[in-house]
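**Student:**
Protein chains: 2
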Amino acid sequence: MPTSRRSAKTPPRTPAAAAGRRTPTDAPNGTPADPAARPRSRSATDGSGRPALPKIADVAARAGVSTATVSRALAAPDSVSPDKRERVLAAVRELGYTPNAAARNLRAGRTSMVLVVVPKLANPFFNGVVRGADEALTAEGFGMIIGDLDNTADKEHRLVDIALAGHIDGALILSGRVPRHGARTMKQAGIPMVGVCVASDDPQIPAVLIDDAAAARTQVEHLVGLGHRRLLYVSGPRGNGNEIARWRGFTEAAAAAGLGAEAIQRAEGDYTFAAGTRAADLFLALPAERRPTGVVAVSDEMALAFIRRVAEAGVRVPGDVSVVGFDGIEVGDYCAPRLTTIRQPSRDMGREAARLLVAAIRGEPSPPGARVLGAELKVAESTGAPPRR
Amino acid sequence: MPTSRRSAKTPPRTPAAAAGRRTPTDAPNGTPADPAARPRSRSATDGSGRPALPKIADVAARAGVSTATVSRALAAPDSVSPDKRERVLAAVRELGYTPNAAARNLRAGRTSMVLVVVPKLANPFFNGVVRGADEALTAEGFGMIIGDLDNTADKEHRLVDIALAGHIDGALILSGRVPRHGARTMKQAGIPMVGVCVASDDPQIPAVLIDDAAAARTQVEHLVGLGHRRLLYVSGPRGNGNEIARWRGFTEAAAAAGLGAEAIQRAEGDYTFAAGTRAADLFLALPAERRPTGVVAVSDEMALAFIRRVAEAGVRVPGDVSVVGFDGIEVGDYCAPRLTTIRQPSRDMGREAARLLVAAIRGEPSPPGARVLGAELKVAESTGAPPRR
DNA sequence: CCTGAATTTGTAATCGATTACAAAGCGCAC
DNA sequence: GTGCGCTTTGTAATCGATTACAAATTCAGG
């Protein structure tokens with residue numbers, strides 16, 4: 001019934017547009033089908049007298065200047081006389097004006113948004129990176145769109161579309177397996193990218209990394225130093241960039257310690273809890289005398305699940321078997337035993353990568369080559385001397 | 001004055017467009033300093049002859065139709081003859097065309113983006129919600145901007161700005177403490193919102209919840225059922241909506257079980273590991289005979305940290321004290337003892353909330369009132385009978 | 001063969017900002 | 001007083017899509 005006054009003044013919008021911004025509950029007519037068709041949600045006075053979202057022209061009118069002056073007063077205050085600048089800012093404040101993002105993006109060709117591609121957001125390690133990135137991006141005036149691949153390939157398309165549609169100014173790629181096709185396409189489109197924890201095959205793409213091989217060597221050296229001579233390596237997915245480097249580091253250090261092929265076992269994993277459990281089952285299936293006494297896992301989640309599973313079977317950690325994790329997630333300190341692990345500076349990595357990306361977006365040439373941050377061994381309770389027998 | 005005759009008959013292209021798709025910036029530059037001055041990152045031939053990002057006019061030209069037809073062929077295929085539709089789609093494919101988001105948003109007033117406000121992304125529970133939301137949003141053709149409040153108040157401003165700038169069509173609020181000011185402002189701007197795990201004080205904002213009070217009662221009943229008569233409640237932050245309901249449920253159930261005030265203790269917490277540790281210290285400071293034998297924590301992280309801390313002090317779980325958590329995060333199954341907890345259907349909640357939001361964005365009237373999903377007690381190993389003595 | 005409705009297509013207006021360009025204002029030196 | 005250069009301001013073009021409107025086409029019925 002209240003629909004009568006809507007045509008009073010408004011230009012020939014569609015009915016739905018004129019109805020615009022009412023509470024969804026007061027659907028006027030009985031027809032259940034008045035679907036979608038809400039062309040523009042903004043700028044309708046909606047009968048209540050409440051002003052619509054102000055636009056730059058409104059501000060200009062109120063301040064008694066041109067739209068150009070308003071725009072300048074906001075973007076480059078120094079180029080406007082103090083007098084008008086004040087008037088503009090006052091008008092902005094009074095009206096609660098925020099420049100429309102779409103219009104700005106369209107004209108200026110920038111969005112001040114960054115896409116962060118995460119293989120698995122649920123992983124606390126990536127979480128740390130994201131937080132670091134968020135911190136830096138926020139400080140630089142950028143927003144963040146998160147794309148959680150969640151190990152699903154088809155999400156990639158969507159993310160690339162987001163990029164190609166000009167939603168974003170740049171992308172942060174946290175994936176160990178860089179979306180090949182996607183990265184290619186995005187690069188062709190000239191979208192700046194920075195990798196985190198991932199040495200891209202493309203040297204053009206800067207990256208923030210730790211030295212995976214060195215970290216894996218450290219894991220081995222720690223165990224060997226405690227006296228362990230038979231090791232189990234719980235891997236990441238085959239082909240994964242980090243995995244490759246870590247496996248290399250592992251084998252190098254094992255060889256350097258004089259461990260032969262017979263002293264080394266490998267369980268295939270993929271960083272998840274489930275993989276850790278599987279590795280433990282593999283371990284438990286071995287006859288006791290052939291069991292490794294030291295376990296190198298390339299993620300904390302696998303290490304925790306491994307520990308949990310063997311403990312259930314009566315194997316003590318670190319009494320019977322020592323386990324080193326990788327990442328340094330917070331919860332590792334709240335399980336028993338506390339997890340010995342490689343602590344990656346996830347937050348720093350995210351922050352640093354975001355800064356590099358912003359620099360690239362601004363066109364500042366960045367010094368080539370990857371930034372390598374330090375990772376350290378954090379010794380806790382899940383490792384100790386091997387059983388004597 | 002020069003504008004007068006351009007609408008005569010010939011295609012009124014701009015000079016640049018007529019010149020065969022050159023970049024606006026390809027002035028005769030001999031200067032080596034070209035890096036800065038990159039007004040628009042898109043559409044540069046970069047000397048290699050590689051074509052710039054195609055626009056709708058390019059597609060139209062290639063398909064031999066008008067831009068309107070291209071737009072329609074993509075948005076409403078049935079309104080275009082099969083013949084032209086095919087030609088258009090082929091051209092789109094060949095050129096790798098993706099409609100520019102800014103232009104579309106500006107004109108159509110929609111962005112197909114949703115803001116998800118998370119109090120703390122690092123919390124695996126919120127992670128589950130986000131994943132569920134992502135799932136549903138992706139399916140509906142929406143993208144997701146995540147705003148991690150990270151318990152910092154000033155982030156809120158930025159998020160509201162993002163909303164007001166028209167970056168998004170709607171918002172999902174996962175905060176227990178809805179940003180008051182922000183929510184108000186966004187509501188005034190007519191931005192659809194849906195709450196998750198949060199009963200908004202505003203009945204207009206639909207929400208997806210569990211019954212917090214009932215869940216807390218279940219926690220108590222479980223412990224009481226095992227024979228516990230002295231309980232410790234490890235709380236959320238004061239004033240938090242969930243906290244209020246859970247505390248109510250806790251006290252109700254305790255009263256119903258005939259536990260007097262002297263049988264109940266309360267430790268102030270905030271859902272974090274650190275709070276769990278603090279609660280444990282408080283517990284340990286009590287003389288043994290006054291110690292509660294059952295602990296109700298309102299987050300798994302607090303429960304895990306509590307267990308860890310008291311275990312260090314030689315208190316056995318569940319031998320000496322039983323602990324029930326809240327949330328059902330994955331890692332609870334990989335710590336020793338496995339955590340007994342309230343499993344919230346986080347993923348379902350996210351999915352459901354996203355669907356509600358999309359419906360609201362599309363203007364479909366949603367049945368009023370909150371959706372209450374079921375939470376269940378998951379009995380594991382951290383609870384058992386109280387010590388006999 | 002003609003008329004009117006239904007369908008398909010094209011032309012051009014439009015969204016709301018930024019910014020190129022030109023005009024106006026101002027100060028200073030000749 | 002005039003002319004030059006610098007700063008401030010306004011006018012209008014522009015970004016790239018969607019879509020209102022009108023024109024063109026098709027088709028059915030009389």
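Taken in sequence, the protein lines are chains X and B.
The numbering of the first sequence is our numbering, which starts it at 1 and goes up by one.
The numbering of the second sequence is our numbering, which starts it at 1 and goes up by one.
We put the beta carbon where it would ideally sit given N, CA and C, even for glycine.
These numbers come from a predicted model, not from an experiment.
I'd like the span of the beta strand (DSSP E) that includes X/Ala171, first residue to last.
**Tutor:** From DSSP, the beta strand (DSSP E) with X/Ala171 extends over 170-173.
**Student:** How would you list, in chain order, the residues of chain X whose beta-carbon sits under 9 angstroms from the beta-carbon of B/Asp150?
**Tutor:** Chain X residues near B/Asp150: Arg131, Asp134, Glu135.
**Student:** Give the residues from the segment 302-315 of chain X that approach chain B closer than 7 angstroms (Cβ to any Cβ), ordered along the chain.
**Tutor:** Residues passing the 7 angstroms Cβ filter: Leu304, Ala305, Arg308, Ala311.
**Student:** From this set, B/Arg316, B/Asp333, B/Ala253, which residue's C-alpha is nearest B/Ala214's C-alpha?
**Tutor:** Here the closest residue by C-alpha is B/Ala253.
**Student:** Quick one: Cα of B/Val234 to Cα of B/Gly249, how far?
**Tutor:** Distance between the alpha carbons of B/Val234 and B/Gly249 is about 13 angstroms.
**Student:** Three-state secondary structure (DSSP) at B/Leu209?
**Tutor:** Reduced to three states, the DSSP call for B/Leu209 is strand.
**Student:** In chain order, what residues of the same chain have a beta carbon less than 7 angstroms from the beta carbon of B/Ala313, not counting five sequence neighbours either side?
**Tutor:** Excluding positions up to five away in sequence, the list reads Leu284.
**Student:** Shortest alpha-carbon distance to X/Ala165 belongs to which of B/Ala101, B/Asp300, B/Arg347?
**Tutor:** Of the candidates B/Ala101, B/Asp300, B/Arg347, the one whose C-alpha sits nearest the C-alpha of X/Ala165 is B/Ala101.
**Student:** Taking B/Glu376 as part of the alpha helix (DSSP H), name the residues at either end of that continuous run.
**Tutor:** No alpha helix (DSSP H) holds B/Glu376; the beta strand (DSSP E) holding it covers 376-378.
**Student:** Hey, how far is the Cα of B/Ala216 from the Cα of B/Arg343?
**Tutor:** Each residue's alpha carbon lies about 12 angstroms from the other.
**Student:** Could you check where the beta strand (DSSP E) with B/Ala359 kicks off and where it finishes?
**Tutor:** Where B/Ala359 is concerned, there is no enclosing beta strand (DSSP E), although the alpha helix (DSSP H) it sits in stretches over 346-361.
**Student:** What does a CB cutoff of less than 8 angstroms around X/Ala319 pick up in its chain, not counting 5 residues either side in sequence?
**Tutor:** In the sequence under discussion, the amino acid at residue 319 of chain X is Gly, which differs from the Ala named in the question. Cβ neighbours of X/Gly319 beyond the five flanking positions: Gly384, Pro387.
**Student:** Can a CB atom of chain B be found closer than 9 angstroms to the CB of X/Asp83?
**Tutor:** Not closer than 9 angstroms to any Cβ of chain B, the Cβ of X/Asp83 fails to qualify, so no.
**Student:** Just to check my reading of the structure: B/Ala390 and B/Leu172 have Cβ atoms closer than 8 angstroms, yes? What is that Cβ distance to the nearest angstrom?
**Tutor:** This structure leaves residue 390 of chain B out entirely; chain B is present only between 1 and 389.
**Student:** What did DSSP end up calling X/Ala261 once you bin it into helix, strand or coil?
**Tutor:** X/Ala261: helix per DSSP, three-state reduction.
**Student:** Report the residue ranges of all alpha helix (DSSP H) runs contained in full by the segment 266-304 of chain X; include only those spanning at least 4 residues, in chain order.
**Tutor:** As far as the segment 266-304 of chain X is concerned, its whole alpha helix (DSSP H) runs of at least 4 residues are 273-285.
**Student:** State yes or no: is the C-beta of X/Leu391 within less than 9 angstroms of the C-beta of X/Gly332?
**Tutor:** Because chain X in this structure spans residues 1 to 389, residue 391 of chain X falls outside the shown range and cannot be described.
**Student:** Assuming contact is defined by CB atoms lying nearer than 9 angstroms, are B/Ala375 and B/Asp211 in contact in what I supplied?
**Tutor:** Going by C-beta atoms, B/Ala375 is nearer than 9 angstroms to B/Asp211.
**Student:** Do B/Tyr271 and B/Ser299 count as a contact pair if the criterion is CB distance below 9 angstroms?
**Tutor:** Yes, the Cβ-Cβ distance between B/Ser299 and B/Tyr271 is below 9 angstroms.
**Student:** Look at B/Gly147 and B/Ser112 and say whether their C-beta atoms are less than 9 angstroms apart.
**Tutor:** No. Outside cutoff.
**Student:** Just confirm the distance between the C-beta atoms of B/Ile329 and B/Pro77, as a whole number of angstroms; I'd bet it's less than 8 angstroms.
**Tutor:** That belief does not hold up - the Cβ atoms of B/Ile329 and B/Pro77 are roughly 44 angstroms apart, past 8 angstroms.
**Student:** How is B/Phe326 classed by DSSP in three states: helix, strand or coil?
**Tutor:** Note: B/Phe326 maps to strand in three-state DSSP.
**Student:** What's the call for X/Glu392, buried or exposed, on a 16-neighbour Cβ count within 10 Å?
**Tutor:** One cannot answer for residue 392 of chain X here, as it falls past the ends of chain X, which runs 1 to 389.
**Student:** For X/Pro39, does the three-state DSSP call read helix, strand or coil?
**Tutor:** Residue placement at X/Pro39 is poorly supported in this model, since its pLDDT is 35, which falls under 50; the coordinates are not used for a value here.
**Student:** Spell out the partners DSSP gives X/Val116 in its beta bridges.
**Tutor:** X/Val116 pairs with X/Ile146, X/Leu172.
**Student:** Name the chain X residues whose beta carbon is nearer than 8 angstroms to that of B/Tyr271?
**Tutor:** Those do not exist, as B/Tyr271 stays about 13 angstroms from chain X at its closest Cβ, beyond 8 angstroms.
**Student:** Would you check if the segment 83-97 of chain B and the segment 74-94 of chain X touch, i.e. whether three or more CB-CB distances between them fall below 8 angstroms?
**Tutor:** With a cut-off of 8 angstroms, the segment 83-97 of chain B and the segment 74-94 of chain X do not count as touching, because too few Cβ pairs lie within range.
**Student:** Between which two residues does the alpha helix (DSSP H) harbouring B/Thr138 extend?
**Tutor:** Where B/Thr138 is concerned, the enclosing alpha helix (DSSP H) stretches over 124-139.
**Student:** With X/Leu74 as the anchor, note down where its alpha helix (DSSP H) starts and where it stops.
**Tutor:** Taken as a continuous stretch (DSSP letters only), the alpha helix (DSSP H) holding X/Leu74 covers 67-75.
**Student:** So, for X/Glu221: in the same chain, excluding its five sequence neighbours on each side, which residues have a beta-carbon less than 7 angstroms away from its beta-carbon?
**Tutor:** So the qualifying residues of the chain are Ala253.
**Student:** Alpha carbon to alpha carbon, how far is X/Gly49 from X/Thr67?
**Tutor:** The pLDDT assigned to X/Gly49 is 31, lower than 50, so where the model puts this residue is not dependable; a value taken from the coordinates is nonetheless given after this. So the alpha carbons of these two residues sit roughly 25 angstroms apart.
**Student:** Report yes if the C-beta distance between X/Glu94 and X/Ala354 is below 9 angstroms; otherwise report no.
**Tutor:** Contact: no.
**Student:** Buried or exposed: which applies to X/His167, given that a residue is buried once 16 or more other Cβ atoms fall within 10 Å of its Cβ?
**Tutor:** Buried, by the Cβ-count rule.
**Student:** So is B/Lys378 in contact with chain X if we call contact Cβ pairs under 9 angstroms?
**Tutor:** Answer no: the Cβ-Cβ gap between B/Lys378 and chain X never drops below 9 angstroms.
**Student:** In this structure, does DSSP put X/Ile191 in helix, strand or coil?
**Tutor:** Of the three classes helix, strand and coil, the one that applies to X/Ile191 here is coil, per DSSP.
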